[in-house]
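Data block below; observations after.
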């Protein structure tokens, strides 16, 4: 039996920092049902929703993690703009699933006839989702972590983050690299991986379909998905369905823009002492400047570094952030002075082009 403890501990240590300041949005999924549409219910944080393309399809509002957990088993494609929180949502999910896998199961309760329930049933019974101020939500049983109680012999999944921007040879190699990066002592090869995938032991979080380097790589990924579609839950992310396609995945969720209340919450969390001052200066420009978590993070960084002043336009925000990025965030990276000079100019040019296009980039 594989000992996953060191691997899971490494994930928890590595990715905990991602969750310091993170506002979960909602997603919108697509559900083909000829029923009355329900109103969108946006929670505080990032959201997704199903994409309504036909009249018989029902728009289904969900928080990001709810949507990911609900549809992972049948495979899911999460679509969103750059900086909308797709990759961060996967990081959050891999962290939560690793933490859940390290949590021992409680003693198995007894059934009606006095018999003990199985570990998997106990996992569902004792994994409530906590709401605001510790309240337990009534729908928690269906949204329990997929890896619940793995560390105590549960029937959950081991989470694996697969970052396609590092694709060189195959998806299997990316999975193996991630596993052994977090536990170098883990004995794993292609044969072992295929066995785990056929047995349904892993949960694959596949980030950046649009970042695949070639059409050949896209075909390899699509074949890989088809080979393990019936046994291994997978979640994929992409920016644009026109780049890399949808891999034949039927279920798609779309990241939703931050609401004004979510933007304000993000700013106050990122800048506890200066947040109100920044919000006051922004006024009605908040919706324009803070459409995604990434833009908000950049704006908060610039505000704190600019003597608590908001730049006059979005182009100035990008320009000042490139200076912060070059001179402070990456100042210790050993690169030549000439390279660093071109680096800043290229970033400034990219920021300028992004603000000039008709379509939102």
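Numbering (the numbering used here), first residue to last: -11 to 349. Ideal Cβ positions, reconstructed from N, Cα and C, are used throughout, including at glycine.
As the crow flies, the alpha-carbon of residue 76 is around 17 Å from that of residue 278. In this structure the segment 75 to 92 does not lie against the segment 252 to 270, because fewer than three pairs of beta carbons, one per stretch, are closer than 8 Å. By the C-beta density criterion, residue 197 is buried, having at least 16 other C-beta atoms within 10 angstroms.
Cα atoms of residue -11 and residue 184: separation of roughly 12 Å, rounded to the nearest angstrom. DSSP, read as helix, strand or coil, puts residue 171 in coil.
Taking a 10 Å sphere around the C-beta of residue 341, we find fewer than 16 other C-beta atoms and assign the residue as exposed. With fewer than 16 other Cβ atoms inside 10 Å of its own Cβ, residue 1 counts as exposed. Within a 10 Å sphere around the beta-carbon of residue 203 sit fewer than 16 other beta-carbons, which makes this residue exposed. Here DSSP, grouped into helix, strand and coil, assigns residue 243 to strand.
Around the beta carbon of residue 206, a 10 Å sphere encloses 16 or more other beta carbons of the protein chains shown; the residue is thus reported as buried. Just measuring C-alpha positions, the residue of 240, 83, 271, 237 sitting nearest residue -1 is 83. Taking a cut-off of 8 Å on C-beta distances, the segment 242 to 256 touches the segment 278 to 297, as three or more cross pairs fall below it. For the 8 Å CB-CB criterion, residue 241 and residue 36 form a contact. For residue 70, there is no enclosing alpha helix (DSSP H), as DSSP marks it with neither H nor E. With a 10 Å radius around the Cβ and a threshold of 16 neighbouring Cβ atoms, residue 327 comes out exposed.
Boundaries of the alpha helix (DSSP H) around residue 183: 178 to 187. The residue from -7, 72, 4 with its alpha-carbon nearest to that of residue 225 is 72.
The three-state secondary structure of residue 259, taken from DSSP, is coil.
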